[in-house]
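K.L.:
I am attaching a structure below and will ask some questions about it afterwards.
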Amino acid sequence: MKSIFLFLTLLVLSVSASAQQNNVQKDSTKVEQLDEVLLSATRAKDKTPVAFSTITKEELESINLGQDLPILLDQLPSVVTTSDAGAGVGYTGIRVRGSDATRVNVTINGIPYNDAESQGTFWVNMPDFVSSVEDIQLQRGVGTSTNGSGAFGASLNLKTLNPSSVGYATTTNAFGSFGTRKHNISIGSGVNNNFYAEARLSNIQSDGYIDRARADLNSYYAEAGYLDNKTSIKAIVFGGKEETYQSWYGTPEAVVNNDRAGIQAFIDRNYPSDAEAENLLNSGRTYNYYTYDNEVDNYQQTHYQLHASHQFNSNFSANLSGNFTRGKGYFEQYKDDEELGDYFPNSPNASEEGDVIRRRWLDNNFTAIVYSLNYKKNDLNLYLGGGYNTYKGDHFGEIIWDSFESSIPIRSNYYFSYGDKQDFNTYVKAEYNINANLFALLDLQYRTVNYESVGTSSDLVNINVKETYNFFNPKFGLTYRINNYNSIYGSYAVGNREPNRDDLTKNPIQPKSEQLHDFEFGYKLRAPKYYFTANLYYMNYKDQLVLTGDLDDVGDPIRQNVADSYRAGIELQAGYSFSDKFRLDANATFSQNKIKSFDYVVYDTQYDPNTFDTVSYEPVVTTFEDTDISFSPNVIFGSTLTYSPIKNGSIALLSKYVGQQFLDNTSSDSKSMDAYFVNNLNLSYKIKPQWIKEIALNLLVNNIFNNEYVSNGYTYSYFYRPENSNDAAITENFYYPQATTNFLMGMTLKF
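The sequence shown runs -19 to -1, 1 to 732 under mature numbering (1 follows the signal peptide of the UniProt record, and there is no 0).
Shown next, in the form of structure tokens:
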């Protein structure tokens, strides 16, 4: 890696020299217009009657110092973010309106990015991707029709960089707390004789706030293309390789609170080894359950994209895109006191105990074709679009070391299953200016999904899943312009979504697909010095798959259907320029997120108090009504106060308040996360000397008031009691503590 960086540094200098001598006439406007054809079918525009926010590369530059993309979007309305390692590097997550990342449809240049089986997004596989992004649009609610799995909380649409009309070279180096560091180099040829090429190479490393939660992340991005007045063809390859030490176990509640008596009670209940007990007693809130040196997640993913856009005439344009994604990797675990039968149940020595080091593998590929046709004449803008994608993934496990006395097959599969998924969608969308002030949107989508998985799970349970889903997703909306500054809009949209792989393979009850009816009504005021928007929403769900608050053995959330539930709220945004030096931007969400009725199940194990043999194991079912949906705070607030004392210099105070969140769906204060209010400070200064295009200096101080808070967690409850006892259920809460005061500082050189 160091030799590659040295090579690219020399290349930076040569490209910068040619960039300063490049006499190619700039035509950036045309470049942007052709590039917009790529995403115009799925992106919201100013008149579109949906709630959305667009954040540009310029807005991200001062805080793009190594943290993952979800953390950089933390200031957007209705957004809550979290980091397993506590410092924003490694595994991170985002929720929008209380909906987790599996409900946020993500596309990159219109290509689906969500994992086809889990429906999650793993930004750790593409570190520093923001450095290759032109802008990001977050649509809240169902939004417009898009490719991939349906949006049940939001859609996140990433657009990679527009081709630069002139050559350039950029390098960023950043350092910070917990051994965090980021290094990248980007170069571009500019558009010469209609051709261009661009590339980026990045490395991010961090030791993490949580003990041993280190990350070593590498990524790359390369693009080459052809542009003329009517045609754009671009080939893109990007990807990354990550190695992160696992920290998904979380920290027990008593450890987070430094409750010595509670820690001892936890030890007494769970019978850890002496070393594990010492770890619990001495680690504090940075506790990490894992101690094996190579307890890592190791995964590599590469994306290949090809995009062709053509403007046939002033009325008609088309886009065709293809994608192939290749991914392969594993996570490694050390497990002590395992039974041989847990891996090879047919062994004659199945009851033999020993230690093992195992790897659980995922080997997959994803192929997609996406198209859109656009006819535009007078007041009508008509789109016909869609896509087809296929996914094939193998899940298997191997033992790479063991201490069993019996001989076992090393590196042979002890479980194997495959997943095969096909996803087809087509949509027609009409945008029509009824008159000078009234705009209408009609958007109709049909989507069909086929999923098959056969084999054996990691728990050696047989898997035989074959499901087909057919969905119709209509959307309708109106926007009325009151005058040049004021407008109102309203929309109704239906979204449908299939269960994910874990729902289908690990749930004892056959899961149902979900349906969402989304009603939105908004008001916008935009003036030269200020703006204000208000958006009312009511999201009514049928058979929503809600998080139970518990995790499976690899840290994935467990979900269950609830028949009737809803999310309702108001989102407010405002901004005001007090002067050329002072500006305030703020947003707030006030909501209610409720389940009308559901059955909560806790298992009751009763034992003989003399022999301690189990005498019964039965479910205890409690029906709850009108309870809060897990991980859905009723209040979210964010603000940015910016002071620009000098030209090209600014100081910004970024504040975030997140209300109480419940870990499960019982609305129990004893199973919740406290509200938190965190403030970050961002300093930015740009210098433009004659010998270089720009030097940018950035400092980000996170959590300046040193608050101790948690942003994620999980819970589970169980009964373990003597026969006929009335002892209460035992509840275990685990949290993910976020870092106390920490900083990142970086310098960017632009040639």
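We put the beta carbon where it would ideally sit given N, CA and C, even for glycine.
In this text the structure is predicted, and so the values were computed from the model without any measurement.
(1) With DSSP run on the structure shown, which of helix, strand or coil describes residue 620?
(2) Curious, which full-length beta strand (DSSP E) runs of at least 3 residues does the stretch 407 to 494 contain?
(3) Which class does residue 633 belong to by DSSP, given the choice of helix, strand or coil?
(4) Considering only C-alpha positions, which residue in the set 730, 365, 643, 60 is nearest to residue 619?
(5) Could you check which residue in 552, 510, 576 has the C-alpha nearest to that of residue 542?
(6) What are the start and end residues of the alpha helix (DSSP H) that includes residue 245?
(7) Using DSSP with H/G/I as helix, E/B as strand and the rest coil, what is residue 93?
(8) What does the alpha-carbon distance come out to for the pair residue 646 and residue 415?
(9) Looking at the structure shown, is residue 103 part of a helix, part of a strand, or coil, going by DSSP?
(10) On the CB-based measure, 16 or more other CB atoms within 10 Å of its CB, does residue 417 come out buried or exposed?
(11) Would you say the stretch 577 to 591 touches the stretch 72 to 85, given that touching needs at least three Cβ pairs under 8 angstroms?
(12) Can you give me the Cβ contacts of residue 375 inside the same chain, cut-off strictly under 6 angstroms, excluding the 5 residues immediately before and after it?
(13) For the alpha helix (DSSP H) holding residue 53, just list the boundary residues, first then last.
(14) Count the other CB atoms within 10 Å of the CB of residue 277; is the residue buried (16 or more) or exposed (fewer)?
(15) Is residue 24 buried or exposed, if buried means 16 or more other CB atoms sit within 10 Å of its CB?
(16) Straight-line CA distance for residue 453 to residue 425?
(17) Give a yes or no on whether the C-beta atoms belonging to residue 207 and residue 219 are separated by under 7 angstroms.
(18) Considering only C-alpha positions, which residue in the set 591, 296, 614, 667 is nearest to residue 704?
(19) What residues in its chain sit with their C-beta under 6 angstroms from that of residue 157, if we drop five residues either side in the sequence?
(20) Start and end of the beta strand (DSSP E) containing residue 606?
(21) CB-CB under 7 angstroms to residue 270, same chain, minus the five flanking residues each way: which ones, in chain order?
(22) Suppose the cutoff is 6 angstroms on Cβ atoms and the five residues either side in sequence are ignored; what does the same chain contact list for residue 629 look like?
(23) Quick check on DSSP: helix, strand or coil for residue 237?
(24) Between the alpha carbons of residue 93 and residue 711, how many angstroms are there, rounded?
(25) Could you spell out where the alpha helix (DSSP H) holding residue 262 opens and where it closes?
(26) Does the beta-carbon of residue 758 have 16 or more other beta-carbons within 10 angstroms, so that it is buried, or is it exposed?
(27) Got a sec, what are the start and stop residues for the alpha helix (DSSP H) residue 38 sits in?
(28) So, is residue 265 buried or exposed, given that buried needs 16 or more other C-beta atoms within 10 angstroms?
(29) Taking only three categories from DSSP, how would you classify residue 734?
(30) What span of residues does the beta strand (DSSP E) with residue 555 cover, start to end?
(31) Would you call the stretch 459 to 472 and the stretch 436 to 447 touching, i.e. three or more CB-CB distances under 8 angstroms?
(32) Just curious, the beta strand (DSSP E) that residue 342 is in, first and last residue?
(33) Going along the chain, which residues of its own chain have a beta-carbon closer than 6 angstroms to the beta-carbon of residue 500, five neighbours each way excluded?
(34) State buried or exposed for residue 107, treating a residue as buried only when at least 16 other CB atoms are found within 10 Å of its CB.
(35) Give the DSSP bridge partners of residue 306, in chain order.
(36) State the Cα-Cα distance for the pair residue 151 and residue 175, rounded to the nearest angstrom.
P.N.:
According to the structure shown:
(1) strand
(2) 419 to 437, 443 to 462, 467 to 478
(3) strand
(4) 60
(5) 576
(6) 241 to 251
(7) DSSP, read as helix, strand or coil, puts residue 93 in strand.
(8) 45 angstroms
(9) coil
(10) exposed
(11) no
(12) Around residue 375: 344, 399.
(13) 50 to 53
(14) Residue 277 comes out buried.
(15) buried
(16) 8 angstroms
(17) no
(18) 591
(19) 724, 725
(20) 595 to 609
(21) 230
(22) 667
(23) helix
(24) 42 angstroms
(25) 255 to 263
(26) With the chain covering only -19 through 732, there is no way to say anything about residue 758.
(27) 38 to 42
(28) exposed
(29) Any answer about residue 734 is impossible in this case: the structure gives the chain only from -19 up to 732.
(30) 538 to 558
(31) no
(32) Start and end: 334 to 358.
(33) 473, 519
(34) buried
(35) 284, 347
(36) 22 angstroms
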